[in-house]
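**Q**
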Amino acid sequence: MPVLDALESLAELAPIGADDVRGGWSRHLLDDADRQMRAWFVRAASSLGLDVEEDANANQWATWAPAGAEGPAVATGSHLDSVPGGGPLDGPLGVVSALAAVSRLIAEGHAPAHPIRIANFAEEEGARFGVPCLGSQLLAGDIDTDRVRGLTDASGATYVDAMTAAGLDPAAIGRDASRLEDMALYLELHVEQGRQLAPLEAPVGIATSILAHGRWRVTVTGRGDHAGATELDSRRDPMLVAAATVEAARGRALAAAPPTRSRATVGKLQVVPGGSNAIASEVRLWIDARAEHDADVRVLVARIVSDAEAAARAEGCELTVAEESFSTRVEFDPELADRIGAALAPTFGEVPRIPTGAGHDAGILAAHLPTAMLFVRNPDGVSHSPHEGASDADIRAGVDALTDALRALTGDR
Ligand SMILES: [Zn+2]
Numbered sequence: 009m010p011v012l013d014a015l016e017s018l019a020e021l022a023p024i025g026a027d028d029v030r031g032g033w034s035r036h037l038l039d040d041a042d043r044q045m046r047a048w049f050v051r052a053a054s055s056l057g058l059d060v061e062e063d064a065n066a067n068q069w070a071t072w073a074p075a076g077a078e079g080p081a082v083a084t085g086s087h088l089d090s091v092p093g094g095g096p097l098d099g100p101l102g103v104v105s106a107l108a109a110v111s112r113l114i115a116e117g118h119a120p121a122h123p124i125r126i127a128n129f130a131e132e133e134g135a136r137f138g139v140p141c142l143g144s145q146l147l148a149g150d151i152d153t154d155r156v157r158g159l160t161d162a163s164g165a166t167y168v169d170a171m172t173a174a175g176l177d178p179a180a181i182g183r184d185a186s187r188l189e190d191m192a193l194y195l196e197l198h199v200e201q202g203r204q205l206a207p208l209e210a211p212v213g214i215a216t217s218i219l220a221h222g223r224w225r226v227t228v229t230g231r232g233d234h235a236g237a238t239e240l241d242s243r244r245d246p247m248l249v250a251a252a253t254v255e256a257a258r259g260r261a262l263a264a265a266p267p268t269r270s271r272a273t274v275g276k277l278q279v280v281p282g283g284s285n286a287i288a289s290e291v292r293l294w295i296d297a298r299a300e301h302d303a304d305v306r307v308l309v310a311r312i313v314s315d316a317e318a319a320a321r322a323e324g325c326e327l328t329v330a331e332e333s334f335s336t337r338v339e340f341d342p343e344l345a346d347r348i349g350a351a352l353a354p355t356f357g358e359v360p361r362i363p364t365g366a367g368h369d370a371g372i373l374a375a376h377l378p379t380a381m382l383f384v385r386n387p388d389g390v391s392h393s394p395h396e397g398a399s400d401a402d403i404r405a406g407v408d409a410l411t412d413a414l415r416a417l418t419g420d421r
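Be aware that the sequence shown starts at 9, since it is given in our numbering, and climbs by one per residue.
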């Protein structure tokens, strides 16, 4: 059986979804690029002799269950979708590393006491339908299925349209109790987001927690008009309110930091009609807010919205706010982290334990089963950008670490 090389796999994936406009890669739920990624997953897992399935929530699974491997599976994996114009490693690194690790365990003759299952979670970034970790939230029963069926993408297509077009049944989505119960634990490897490992000179780290975080859609309605013919004092320009909201996001987060590790970002803006010589009639923008604890996020968003409402009143605009998602603070399982730390110690010594500000499927699953994450050093800390990276040596170290962890967690018969 051939050993799958993570770097070669990343090279195979590199042409898929390359974004000529934004730079980087755009791979969004069940679009052409995502379907090619999913087809690659099936081919790669099948070439290792794994059983591949797709669940009702569009997640893909590949299982290695040799004779004698019993009970719930040790699950690993990540996601193959991306943010718009994202980097090459978030989250394909976790999927290719899992395939590489399992191929090595097969090649070395490891006899696992439990099956190993590799996940490719659907719509982790929420780039198409606005809700991050959609596949894992559906699996876990953490999100209302009627709400999901009603979600629309930027082109107006609904989630139901997307699932139907891909040959999946949108009526079947939702909590998958038997699949959840068939997982003993979930360990996700991911490229580090932020820069904590480089100063520690450590190629890998173990996650401790995820900041509480959420997304809010703000709609500001004014009056569209001519940019030349309309007097300044008679305008109702929603762009001014949007600008004030962007400023408020930074200002309020700065005022709250550092003890709450608060951060707020406006990274997406839609302007209607979007003409350079027209005052906008409506602006939609999205606030991404994160902080140490749930209440810190609520307070931060309330302050930003209060500033935005004041700006709307001053400009004579209407403002509405809708919460698109909220993820509570996550604590990863300390006992599982200890077991992984012990498995890595012979090769890596004492592995640093680090928190993260980024959401993950592992964070969703943490409420339902023991979960852990391994981070691979990102020298610049940049992610959700084409400039995201990790050295070849560190990518190999990540596969070594995941292999050691899976070997220890599945035991020898
Ligand atoms: Zn990711």
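The C-beta atom is built at its ideal place from N, Cα and C for all residues, glycine as well. It should be emphasised that the depicted structure is a prediction, and the values quoted were computed from it without experimental measurement.
1. Can you tell me whether Arg136 is buried or exposed, with buried defined as 16 or more other CB within 10 angstroms of its CB?
2. Does ligand 1 have a heavy atom nearer than 6 Å to the CB of Asp89?
3. In three-state DSSP terms, what is Val274?
4. Given a cut-off of 7 Å on the beta-carbon distance, is the pair Gly76 and Arg421 in contact?
5. May I ask which residues mark the beginning and end of the beta strand (DSSP E) holding Arg43?
6. Spatial neighbours of Arg30 within its chain, please: C-beta separation below 7 Å, excluding the five flanking residues on both sides.
7. Report all residues from its chain with a CB closer than 6 Å to the CB of Gly371; omit the five preceding and five following residues, and keep chain order.
8. So, do the stretch 205–224 and the stretch 339–358 have three or more beta carbon pairs nearer to each other than 8 Å?
9. Taking one C-beta from the stretch 29–48 and one from the stretch 158–173 each time, how about it: are there three or more such pairs within less than 8 Å?
10. Going by DSSP in three states, Val91 sits in which element: helix, strand or coil?
11. Considering only heavy atoms of ligand 3 and the C-beta of each residue, which residues fall inside 5 Å, strictly closer?
12. In this structure, what does DSSP give as the bridge partners for Asn128?
13. Check the DSSP bridge columns for Met191 and list the partner residues they point to.
14. Under a three-way DSSP split, which group does Ala297 fall into?
15. Taking contact to mean 3 or more Cβ pairs, one atom from each stretch, closer than 8 Å, check whether the stretch 259–279 and the stretch 228–241 are in contact.
16. Looking at the structure shown, is Pro100 part of a helix, part of a strand, or coil, going by DSSP?
17. Taking the beta strand (DSSP E) that Ile218 belongs to, which residues open and close that run?
18. Can you give me the C-alpha to C-alpha distance between Gly389 and Thr238, rounded to a whole angstrom?
19. I believe Glu132 touches Gly99 by the beta-carbon criterion, under 8 Å. Please report the beta-carbon distance rounded to the nearest angstrom.
20. Could you check whether Leu293 and Ala264 sit closer than 7 Å to each other, using their CB atoms as the reference points?
21. Is it a yes or a no for the stretch 343–361 touching the stretch 146–162, going by three-plus beta-carbon pairs under 8 Å?
22. Any idea if Leu262 is buried or exposed, counting beta-carbon neighbours within 10 angstroms, 16 or more meaning buried?
23. Grab me the residues of Gly365's own chain with a C-beta within less than 8 Å of its C-beta, minus the 5 sequence neighbours each way, in chain order.
24. Out of curiosity, what's the CA-to-CA distance linking Ala26 and Ile151?
25. Roughly how many angstroms separate the alpha carbons of Ala257 and Ala251, rounded to a whole number?
26. Name the one or two DSSP bridge partners that Thr379 has.
27. Measuring CB to CB, does Ala115 end up less than 7 Å from Val11?
28. May I have a chain-ordered list of the alpha helix (DSSP H) segments no shorter than 4 residues that lie completely inside the stretch 228–277?
29. Does the Cβ-Cβ distance between Gly143 and Ala66 come in under 7 Å?
30. Would Asp241 be called buried (16 or more neighbouring beta carbons within 10 Å of its own) or exposed?
31. DSSP three-state label for Val11, please.
32. Between which two residues does the beta strand (DSSP E) containing Pro363 stretch?
33. Would you kindly work out how many angstroms separate the C-alpha atoms of Ala401 and Ile124, rounded to a whole number?
34. Where does the unbroken alpha helix (DSSP H) through Glu423 begin, and where does it stop?
35. Would you report the Cα separation of Leu352 and Gly283, rounded to the nearest angstrom?
36. Just how far apart, CA to CA, sit Arg46 and Ala303?
**A** Looking at the atomic coordinates:
1. Residue 136 sits at position 128 when you count from the first residue of the sequence shown. Per the 10 Å Cβ criterion, buried.
2. Walking along the sequence shown from the start, residue 89 turns up at place 81. Relative to ligand 1, the beta carbon of Asp89 is positioned no closer than 6 Å to any heavy atom.
3. To locate residue 274, count along the sequence shown from 1; it is residue 266. Here Val274 sits in strand by DSSP.
4. For this step, residue 76 is matched to residue 68 along the sequence shown. For this step, residue 421 is matched to residue 413 along the sequence shown. In this structure, Arg421 lies closer than 7 Å to Gly76 by Cβ.
5. Residue 43 sits at position 35 when you count from the first residue of the sequence shown. Premise fails: Arg43 lies in the alpha helix (DSSP H), Asp40 to Ser55, not in any beta strand (DSSP E).
6. Against the sequence shown, residue 30 aligns to sequence position 22. Pro92 and Gly93, listed in sequence order.
7. Counting from 1 along the sequence shown, the entry for residue 371 is found at position 363. Here the set comprises Ile218 and Val338.
8. yes
9. yes
10. Reading the sequence shown from its first residue, position 83 is the one you call residue 91. It is coil, neither helix nor strand.
11. Ligands in the displayed structure: ligand 1; ligand 3 is not one of them.
12. Indexing the sequence shown from 1 puts residue 128 at position 120. For Asn128, which the question treats as bridged, DSSP gives the partners Gln68 and Ser86.
13. Taking the first residue of the sequence shown as 1, we reach residue 191 at position 183. Note: Met191 sits in a beta bridge opposite Ala81.
14. Along the sequence shown, read from residue 1 onward, the residue named residue 297 stands at position 289. Of the three classes helix, strand and coil, the one that applies to Ala297 here is strand, per DSSP.
15. no
16. The residue labelled residue 100 in the question sits at position 92 within the sequence shown. Reduced to three states, the DSSP call for Pro100 is helix.
17. As a first step, residue 218 must be located in the sequence shown, where it is residue number 210. Where Ile218 is concerned, the enclosing beta strand (DSSP E) stretches over Val212 to Ile218.
18. For the purposes of this step, residue 389 is taken as residue 381 along the sequence shown, with counting starting at 1. For the purposes of this step, residue 238 is taken as residue 230 along the sequence shown, with counting starting at 1. C-alpha separation (whole angstroms): 46 Å.
19. Here residue 132 corresponds to residue number 124 of the sequence shown, with the count starting at 1. Here residue 99 corresponds to residue number 91 of the sequence shown, with the count starting at 1. Indeed, because the Cβ distance is near 6 Å, the residues count as touching under 8 Å.
20. Along the sequence shown, read from residue 1 onward, the residue named residue 264 stands at position 256. Along the sequence shown, read from residue 1 onward, the residue named residue 293 stands at position 285. For Ala264 and Leu293, no; Cβs fall outside 7 Å.
21. no
22. Indexing the sequence shown from 1 puts residue 262 at position 254. Result: exposed.
23. As a position in the sequence shown, residue 365 is number 357, starting the count at 1. Here the set comprises Gln201, Gly202, Ile218, Leu219, His221, Arg269, Arg271 and Arg298.
24. In the sequence shown, the residue the question calls residue 26 occupies position 18. In the sequence shown, the residue the question calls residue 151 occupies position 143. Cα-Cα distance, rounded: 31 Å.
25. For this step, residue 257 is matched to residue 249 along the sequence shown. For this step, residue 251 is matched to residue 243 along the sequence shown. If I take the Cα positions, the gap works out to 10 Å.
26. As a first step, residue 379 must be located in the sequence shown, where it is residue number 371. Paired residues: Tyr194.
27. Counting from 1 along the sequence shown, the entry for residue 115 is found at position 107. Counting from 1 along the sequence shown, the entry for residue 11 is found at position 3. In contact: Ala115 and Val11 (Cβ atoms closer than 7 Å).
28. Counting only runs of 4 or more, we get 246–264.
29. Translated into positions along the sequence shown, residue 143 becomes position 135. Translated into positions along the sequence shown, residue 66 becomes position 58. Cβ distance < 7 Å, so Gly143 and Ala66 count as in contact.
30. Locating residue 241 in the sequence shown gives position 233, where the first residue counts as 1. It is exposed - the Cβ of Asp241 has fewer than 16 other Cβ atoms within 10 Å.
31. Position 3 of the sequence shown holds residue 11. Three-state DSSP puts Val11 in coil, outside helix and strand.
32. Reading the sequence shown from its first residue, position 355 is the one you call residue 363. From DSSP, the beta strand (DSSP E) with Pro363 extends over Arg361 to Thr364.
33. For this step, residue 401 is matched to residue 393 along the sequence shown. For this step, residue 124 is matched to residue 116 along the sequence shown. One C-alpha to the other measures close to 25 Å.
34. The chain is shown only over 9 to 421; residue 423 falls outside these bounds and no answer can be derived.
35. Numbered from its first residue, the sequence shown carries residue 352 at position 344. Numbered from its first residue, the sequence shown carries residue 283 at position 275. Taking the straight line joining both Cα atoms gives about 56 Å.
36. Counted from its first residue, the sequence shown places residue 46 at position 38. Counted from its first residue, the sequence shown places residue 303 at position 295. About 38 Å.
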